[in-house]
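Peer 1:
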Amino acid sequence: MTDTITLPVLGAGPDYTGLKIWIPQLILEAVQRGEGVIEGKTFTDCQFDGPAVIIPLGQCHFDTCDFGLSRGDMRNLLLSPMGANVNGAIAFKDCTFVRCSFLSVGYTGSPEFLHEMTANVAGAPQ
Amino acid sequence: MSRLPITRPVRVASDLTATLFEDVDLNLFTLHVTLHEGNIGLVQGRTFRGCRLLGPAILLLSAGNRFDDCNFGDPDGDMRNLILRPSGPRALGTIPMRDCLFEGCEFHNIGFTGPNELLDQLLAVGPAKS
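These protein sequences, in sequence, are chains W and P.
Under this note's numbering, read the first sequence as residues 80 to 205, first letter to last.
Under this note's numbering, read the second sequence as residues 2 to 131, first letter to last.
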């Protein structure tokens with residue numbers, strides 16, 4: 080049988096500071112509150128763990144964040160949607176991330192967002 | 002005879018280390034984390050029969066997976082809505098699966114990625130807007 084792991088409740092925020100956040104837990108708690116999207120939150124000095132692919136919506140800001148081990152190529156963290164909608168990604172809308180780190184997390188979104196990630200983030204191919 | 006749609010009550014899989022899952026429901030990220038504790042991080046050689054596979058998650062299709070009589074989710078009229086192409090040679094943050102067999106399964110809130118040839122096969126099974 081599988082052991083059960085109990086994690087501390089992350090809560091509704093909107094401010095999260097110095098937390099280790101398992102992203103599936105964050106979205107499950109949001110769903111339990113009737114929220115389909117994680118919106119208007121501020122994360123400061125938090126460590127996000129996947130596996131997860133996140134999609135920033137609206138005005139999301141990343142300030143001095145570590146996006147994760149890209150293995151020398153930032154594109155390893157990025158996925159391009161083929162259609163107009165995206166299934167399976169976790170949406171963050173109008174959220175701010177300050178000095179956060181991400182582990183086992185991928186990113187998807189608009190072509191502009193993906194271009195910005197490859198152009199401006201360390202680890203991008205030259 | 003098709004197992005779809007799955008209409009039975011929710012039945013959460015109790016042993017995520019099993020190699021055969023039948024008529025149970027699984028969160029893919031929980032399955033991945035359970036197997037990752039053994040530093041594997043890869044869902045390999047499992048059979049899923051009559052299962053609901055739940056996200057949110059992006060499934061990385063590797064070699065040797067077989068899908069028989071499966072519902073890949075609601076594509077909203079365009080199968081491309083379920084598919085993402087990796088920008089680089091790796092696709093971090095996804096859940097890699099290899100040599101798995103899916104029979105009569107439903108995928109809920111799951112996207113798919115992988116090598117182009119596998120994604121093209123997936124595109125061919127569903128409706129696509131031109």
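Cβ atoms here follow ideal geometry from the backbone N, Cα and C, with glycine treated the same way.
Within the stretch 92 to 119 of chain W, note down every full alpha helix (DSSP H) run reaching 4 residues or more, in order along the chain.
Peer 2: Listed in chain order, the complete alpha helix (DSSP H) runs (minimum 4 residues) inside the stretch 92 to 119 of chain W are 102 to 111.
Peer 1: Which chain W residues sit within Cβ distance under 8 Å of P:ILE7?
Peer 2: In chain order: nothing, as chain W lies at least about 18 Å away.
Peer 1: Tell me which residues share the same chain as W:ARG112 and place their Cβ nearer than 7 Å to its Cβ, disregarding the 5 neighbours each side in the sequence.
Peer 2: ALA91, listed in sequence order.
Peer 1: Any idea if P:GLU118 is buried or exposed, counting beta-carbon neighbours within 10 angstroms, 16 or more meaning buried?
Peer 2: Burial call: exposed.
Peer 1: So is P:ALA92 in contact with chain W if we call contact Cβ pairs under 8 Å?
Peer 2: Cβ-Cβ to chain W under 8 Å: yes for P:ALA92.
Peer 1: With a cut-off of 8 Å, do at least 3 Cβ pairs link the stretch 91 to 109 of chain P to the stretch 170 to 180 of chain W?
Peer 2: No, the stretch 91 to 109 of chain P does not touch the stretch 170 to 180 of chain W.
Peer 1: Going by beta carbon distance, what residues of the same chain come within less than 8 Å of P:GLN122, once the five residues before and after it are set aside?
Peer 2: Nothing listed; no residue qualifies.
Peer 1: Is the separation between the beta-carbon of P:ALA58 and that of W:GLY167 shorter than 8 Å?
Peer 2: A contact, by the Cβ cut-off of 8 Å.
Peer 1: Strictly by DSSP, which residues pair up with P:ARG53?
Peer 2: The partner list for P:ARG53 (beta bridge, DSSP) reads P:ASP26 and P:GLU107.
Peer 1: Do the stretch 107 to 116 of chain P and the stretch 73 to 81 of chain P touch if we need at least three Cβ pairs shorter than 8 Å?
Peer 2: A contact exists between the stretch 107 to 116 of chain P and the stretch 73 to 81 of chain P.
Peer 1: What number of angstroms, rounded off, separates the C-alpha of W:PHE122 from the C-alpha of P:VAL25?
Peer 2: If you take the alpha carbons of W:PHE122 and P:VAL25, they lie about 35 Å apart.
Peer 1: What is the rounded straight-line gap between the Cα of W:GLN205 and the Cα of W:ASP152?
Peer 2: Model confidence at W:GLN205 stands at a pLDDT of 42, short of 50, so the residue's coordinates are unreliable and nothing is read from them.
Peer 1: Output yes if chain W places a C-beta closer than 8 Å to the C-beta of P:THR114; else output no.
Peer 2: Output row for P:THR114: interface = yes.
Peer 1: Measuring only between beta-carbons, confirm whether P:ALA58 sits less than 8 Å from chain W.
Peer 2: Judged by the 8 Å Cβ criterion, P:ALA58 is in contact with chain W.
Peer 1: Using a C-beta to C-beta distance shorter than 9 Å, which residues of chain P count as neighbours of W:LEU156?
Peer 2: Within 9 Å Cβ-Cβ: SER88, GLY89, ARG91, ALA92, LEU93 and GLY94.
Peer 1: Should W:LEU107 be listed as close to the ligand FAD, given that the test is whether its C-beta is under 7 Å from any heavy atom?
Peer 2: Although the ligand FAD was asked about, the structure shown includes no ligands whatsoever.
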